[in-house]
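Everything on this sheet refers to the single structure shown next.
There are 2 protein chains.
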Amino acid sequence: MAERGSLPLHTQIAELLIRDVAAGRLIDGERLKPEREMAVEMGIAVGTLRKALHKLTAMGMLQRVQGSGNYIRASAKPNAVYSLFRLELVRGGGLPTARVLDIARLAKDPALPPFGTAPDAHRIRRLRYLSGIPAAVEEIWLDGSHAEVIAIEDVSESLYLHYRQRLGLWISRVEDRVGQGPLPDWAPREFPVAGGALLPLVHRLSFGQDGRSAEASLTWYDPATTRYVARFS
Amino acid sequence: MAERGSLPLHTQIAELLIRDVAAGRLIDGERLKPEREMAVEMGIAVGTLRKALHKLTAMGMLQRVQGSGNYIRASAKPNAVYSLFRLELVRGGGLPTARVLDIARLAKDPALPPFGTAPDAHRIRRLRYLSGIPAAVEEIWLDGSHAEVIAIEDVSESLYLHYRQRLGLWISRVEDRVGQGPLPDWAPREFPVAGGALLPLVHRLSFGQDGRSAEASLTWYDPATTRYVARFS
DNA sequence: AGGAATTTGTGCGTATGTATC
DNA sequence: AGATACATACGCACAAATTCC
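Protein chains in written order, with the working numbering: chain A, 13 to 245; chain B, 13 to 245.
Here it is as structure tokens:
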């Protein structure tokens, strides 16, 4: 197998396994065959397979236990990345939904941190909710090189799911900054509910192996109802 | 070389290089010797060195360029952990220092998130500065099982350096929450400078390989001068 | 309880491809 | 075009953790 294309073999193997998880051919908790066996069946070296498995581990889709085996960890959550850096209610949790206000393809705003390679980008403006409570307004800039057009239906729910499933992008690096700043003038008038000061959050995502940054976003959230959670492990 | 058997060799090599960067023995932009040469000098295999170099790359401290070489990318980072989750000036950067207000060994506050195994903990209260500007007040709870006593001199500068060098603890997991809350009554009167509302940051650290949580801390920072930066890669 | 079998972790060495100089 | 240097891939040996008998 492994008809060599442009991508490295271990990357192809990793994506093959990811598709297997997404398609339900590998289910949560399932134990994979031993590495050596898998490698022989796939016609590749153990080290190559191990690289692929390590990538899945980093994505939180796999748990490797020495002396035991490799176990699929396909969380019930829409995706795992979401749980690394997310907004949640001050009282904890909250079901995230979003209303897309506007999508446009524009030249990049020079005020943004640098990202991507194309001169233009998709600008997505959303109002985000947690369990129905308005939590944040958000402006996302996705580099123009990854898609021709993005429709509102595409990104109404889980944006990152769309990235991964439709655009083939997976997150390799995230950088966030929480500071101070004014509310943007395009925010809906009903938000924030209590009329207090919002916290701005500059979010920067990099995709794929090369780690080139491909998205920059600005989020303003309401600290009266919402908090920002970051997790590293 | 590489006598201590506790940590994997490639991890030891990575930390060695990190210390070299932190100590200024390797400066920004410097080109390392070829992998083969380095490996021979260190008495290790090329593959082992490569693992270490990949780790530095993931941490953003190194750029690997095929056909050219390995280049140090040190943008004035005191240490690696600090750069993952840190406070910095709104205008960027800032040299972190701290003044210890109080250290005590107490029973754990039940209001804190659970951490560690001992019934009591060291409580460290600090006022933190960035380039001399008061940035945050902080209350740190370190599980009592890791040290008998902690002196003010120990933790006046880099707390995490003390953890790793004196207590043998290295950070394996971090979880942060930024929300809303009141200023603690023990904060110095001169802080915050502008008298505005502070942002509370609940910080939870786990140490070692087992990932048992060993520290919980509460930080209140001044968004007028300071922002919180989180990075994942 | 204990030992053998299983399975992943670590480290080493090598060959070939590919980008840079 | 040639030399240099990192990227990828392969395979082996032993260590460490787990599982099973």
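By construction, the Cβ of each residue, glycine as well, lies at the ideal position given by its N, Cα and C atoms.
Since we're looking at a predicted model, the values are computed, not measured.
Where residue 235(B) falls, given that 16 or more other Cβ within 10 Å makes a residue buried:
Buried: at least 16 other Cβ atoms inside 10 Å.
3-residue-minimum beta strand (DSSP E) runs that sit fully inside the region 186-235 of chain A, ordered along the chain:
Taken in chain order, the unbroken stretches of beta strand (DSSP E) that lie wholly in the region 186-235 of chain A and span 3 residues or more are 211-219 and 225-233.
Taking Cβ-Cβ distances shorter than 8 Å, what residues in chain B pair up with residue 97(A)?
Neighbours of residue 97(A) on chain B, chain order: 242 and 244.
May I ask you to verify whether the region 109-123 of chain B touches the region 202-218 of chain B, counting CB pairs closer than 8 Å and requiring at least 3?
The region 109-123 of chain B, when compared against the region 202-218 of chain B, does not touch it at the 8 Å Cβ threshold.
Close Cβ partners of residue 17(A) (< 6 Å) along its chain, the five nearest in sequence each way excluded:
Low confidence applies to residue 17(A): its pLDDT is 44, below 50, so where it sits in the model is not reliable enough to give any reading.
Residue 67(B) and residue 109(B) closer than 9 Å at C-beta
Taking C-beta atoms as the reference points, residue 67(B) and residue 109(B) fail to come closer than 9 Å.
Please report the distance separating the alpha-carbon of residue 64(B) from that of residue 25(B).
Going from the Cα of residue 64(B) to the Cα of residue 25(B) covers about 6 Å.
Assuming residue 217(A) contacts residue 232(A) (C-beta within less than 8 Å), just tell me the rounded distance between them.
Contact flag wrong, Cβ pair sits at about 18 Å.
Run through chain B and tell me which residues come within less than 7 Å of residue 236(A), C-beta to C-beta.
Going along chain B in sequence order, the residues near residue 236(A) (Cβ under 7 Å) are 192.
Counting along the chain, where does the alpha helix (DSSP H) carrying residue 164(A) start and finish?
Residue 164(A) -> alpha helix (DSSP H) spans 164-167.
Of the choices 34(A), 113(A) and 107(A), whose alpha-carbon is the least far from that of residue 152(A)?
Nearest option by C-alpha distance: 113(A).
Using the beta-carbon count (16 or more within 10 Å), is residue 222(B) buried or exposed?
Only weak support exists for where residue 222(B) lies, its pLDDT of 43 falling under 50; the value from the coordinates is given anyway. By the neighbour-count definition (other C-beta atoms within 10 Å, threshold 16), residue 222(B) is an exposed residue.
According to a CB-to-CB cut-off of less than 7 Å, which residues of the region 102-120 of chain B neighbour chain A?
Within the region 102-120 of chain B, the qualifying residues are 102.
Would you tell me roughly how many angstroms separate the C-alpha atoms of residue 90(A) and residue 46(A), rounded to the nearest one?
Summary for residue 90(A): the model assigns pLDDT 45, below 50, so the residue's position carries little reliability; its value from the coordinates is reported in the next sentence. Going by the C-alpha atoms only, they are around 28 Å apart.
Please report the distance separating the alpha-carbon of residue 214(A) from that of residue 79(A).
Distance between residue 214(A) and residue 79(A), taken at the CA atoms: about 42 Å.
Here's a check: name, in chain order, each residue in its chain whose Cβ is nearer than 7 Å to the Cβ of residue 50(B), leaving out the five neighbours to either side.
Cβ neighbours of residue 50(B) within its own chain (closer than 7 Å, five residues either side excluded): 44 and 61.
Assuming residue 77(A) is part of the beta strand (DSSP E), what are its boundary residues?
If you look at residue 77(A), you'll find it in the beta strand (DSSP E) that goes 74-77.
Report yes if the C-beta distance between residue 127(B) and residue 242(A) is below 9 Å; otherwise report no.
Going by C-beta atoms, residue 127(B) is not nearer than 9 Å to residue 242(A).
Assuming contact is defined by CB atoms lying nearer than 9 Å, are residue 73(B) and residue 102(B) in contact in what I supplied?
No, the Cβ-Cβ distance between residue 73(B) and residue 102(B) is not below 9 Å.
Simplified DSSP state of residue 68(B), which is helix, strand or coil
If DSSP states are grouped into helix, strand and coil, residue 68(B) belongs with the helices.
Select from 21(A), 42(A), 144(A) and 39(A) the residue whose C-alpha is nearest the C-alpha of residue 282(A).
Because chain A spans 13 through 245 in this model, residue 282(A) falls outside it and cannot be assessed.
So, is the C-beta of residue 74(B) closer than 9 Å to a C-beta in chain A?
Chain A, which has no Cβ nearer than 9 Å to the Cβ of residue 74(B), makes this no.
Completely contained beta strand (DSSP E) runs for the region 105-138 of chain A, where each covers 3 or more residues:
Contiguous beta strand (DSSP E) elements confined to the region 105-138 of chain A occur at 108-119, taking only those with 3 or more residues.
CB contact check: residue 211(B) to chain A, cutoff 9 Å
Judged by the 9 Å Cβ criterion, residue 211(B) is in contact with chain A.
Just checking: is the beta-carbon of residue 221(A) within a distance shorter than 9 Å of some beta-carbon in chain B?
Since pLDDT at residue 221(A) reaches only 46, below the 50 mark, its modelled position is unreliable, and no value is offered.
Counting along the chain, where does the beta strand (DSSP E) carrying residue 243(B) start and finish?
Its beta strand (DSSP E) spans residues 238-244.
Quick one: grab the DSSP three-state call for residue 55(B).
Correct three-state label for residue 55(B): coil.
Can you tell me the Cα-Cα spacing of residue 179(A) and residue 133(B), whole angstroms?
Going by the C-alpha atoms only, they are around 48 Å apart.
Residue 52(A) to residue 29(A), Cα distance in whole Å?
Cα to Cα, the separation comes out at about 16 Å.
Sequence-distant residues of its chain with Cβ nearer than 7 Å to residue 190(B) (five each side left out)
Exclusion of the five residues before and after residue 190(B) leaves 211, 213 and 240 as the residues of its chain whose Cβ lies within less than 7 Å of its Cβ.
Distance, residue 188(B) Cα to residue 77(A) Cα:
Their backbone Cα atoms lie some 27 Å apart in a straight line.
Residue 33(A): first and last residue of the uninterrupted alpha helix (DSSP H) it sits in
Taken as a continuous stretch (DSSP letters only), the alpha helix (DSSP H) holding residue 33(A) covers 21-34.
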